[in-house]
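To start, the structure itself, in structure tokens.
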Amino acid sequence: MRTKSLLTIGLAAVGMMYGASVFAAGTTPTAGPFGSGKITFTGTITNSPCDIAPGDDAITVPFGQISYRKLNAADATTESKPFTIHLQNCAFDPDDAASNKNKVGKMSKVTVSFSGTGDTTHHAYVSTGSAQHVGVQLLKSDNSTLIEPNSTASDTTDAQQLQAGNNEL
């Protein structure tokens, strides 16, 4: 009996040594997806006097759920949804113009333009989604003057004077 026990212990020891030698002879495991990551840097260098605030370069205006009953008549509208574009770190070069000198500085007036699929008959940008016969009208800050789709703002009438520092449009 004692011989059988020693033989079993001896075979178990050989088996453990055999397994240990297999693992010792293998190559070092390569790194897996754990402990790794990805960093992406994005940005644009511009020749402009202000920076668009982070998050304002792609603004989403939430309309929520709107019942079709609210829009089932021609030219029906919903309540307006104001949004603001924040400009920051505005700094201007001195204006050295001989006439019409801007005291704030060069490039200190800004106009905003919008682009998209426009419907000039209804003064709106049309839906590019599944909704049909629906559009979005853009209004100036007075909440009544329409901004025509794909129009270019007049530099003299629609330009907004900026100040050094942060501004809102």
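Quick note, in the UniProt record's numbering, the sequence shown goes up one by one and the last residue is 169.
Where a beta carbon is used, it is the ideal one built from N, C-alpha and C, also for glycine.
Counting only the same chain and skipping the five closest in sequence on each side, list residues whose C-beta sits under 8 Å from that of L162.
Spatial neighbours of L162 in its own chain (CB-CB distance under 8 Å, excluding positions within 5 residues in sequence) are listed in chain order as P49, C50, L87, C90, F92, V104, S108, K109 and V110.
Pair within 8 Å by beta-carbon distance, L169 and T84
yes
Residue(s) in a DSSP beta bridge with K74
The sequence shown places Ala at residue 74, rather than the Lys named in the question. Answer is none; A74 lacks a bridge partner.
Tell me whether P54 is buried or exposed, calling it buried when 16 or more other Cβ atoms sit within 10 Å of its Cβ.
exposed
Identify every run of the alpha helix (DSSP H) within the UniProt domain "Fimbrial-type adhesion" (39 to 164), keeping only runs that are complete inside it and at least 4 residues long; order them along the chain.
none
Return the bridge partner residues of residue 176 from the DSSP annotation.
It is not possible to answer for residue 176, since the shown part of the chain is limited to 1 through 169.
Thinking H123 and L146 are a contact (beta carbons under 8 Å), I'd like their distance in whole angstroms, please.
About 5 Å; that satisfies the 8 Å criterion.
Checking 8 Å against the spacing of the C-beta atoms, do N143 and S80 come in under that value?
Cβ atoms of N143 and S80: closer than 8 Å.
Using 10 angstroms around the beta-carbon of P82, count the other beta-carbons present and answer buried if the total reaches 16, otherwise exposed.
exposed
CA-to-CA distance, S151 to A159, given in whole angstroms
14 Å
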